[in-house]
Amino acid sequence: MSLNSTPAGIGRRLASLIYDGLVVIAFAMLTTVVFLLLVQGGVSLGWIAMGEAEDVAALIQQNTILYVIRDILLVLVSISFFGYFWSKSGQTIGMRAWRLQVRRLDGSLPTFWQGAWRSLAALLGLGNLLVLVDFKNKRALQDYLSGCEVVILSKEENRKVYRALD
């Protein structure tokens, strides 16, 4: 744990995860719409055959390759969301609201790839359950695997994070 920091408990972590989950759902919806439009474009240009499918959504469900591509895109968008925000300020939108910050153990911000790995290692939030038994450090599975920690910021520290981004 870095100096002068209070580790975040499970309650704040889960509250910020709920906020961020809503943002990730919005990005997933946007990604899906763009993917549907691209597939429709491919159909219109004759690059993709509709086969027995009634519409583009049914085509994606029936075509294993398109289905897997869509799922990979959704995972990449989610991982990119967390990797970007954690590498820029150590905070996502939900973490900002709950005054949390992801830091490396030396107090610096994680890299994009460290944040992306941390996002994958979180196992859809289940990695946070380790906080319940890690009484001393209150670190989650993803924190240990990425060499990071989540700390609670004071109101002033929270403001400074975004002043620094201006």
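The sequence shown begins at 4 in the numbering used here and counts up one residue at a time.
Each residue gets a CB set at the ideal place from its N, CA and C atoms; glycine is no exception.
- According to the DSSP secondary-structure assignment, residue 9 is paired through a beta bridge with 155.
- When only Cα atoms are considered, residue 104 and residue 167 end up about 14 Å apart.
- Within a 10 Å sphere around the beta-carbon of residue 82 sit 16 or more other beta-carbons, which makes this residue buried.
- Looking at the backbone, the Cα of residue 47 and that of residue 63 are separated by about 15 Å.
- Its chain contains 130, 131, 133, 134 as the residues whose beta carbon lies nearer than 6 Å to that of residue 143, once the 5 sequence neighbours on both sides are disregarded; these appear in chain order.
- Contact between residue 152 and residue 106 is confirmed by a C-beta separation of about 6 Å, below the 8 Å threshold.
- Secondary structure in the region 60-84: no alpha helix (DSSP H) run of 4 residues or longer lies completely within the stretch.
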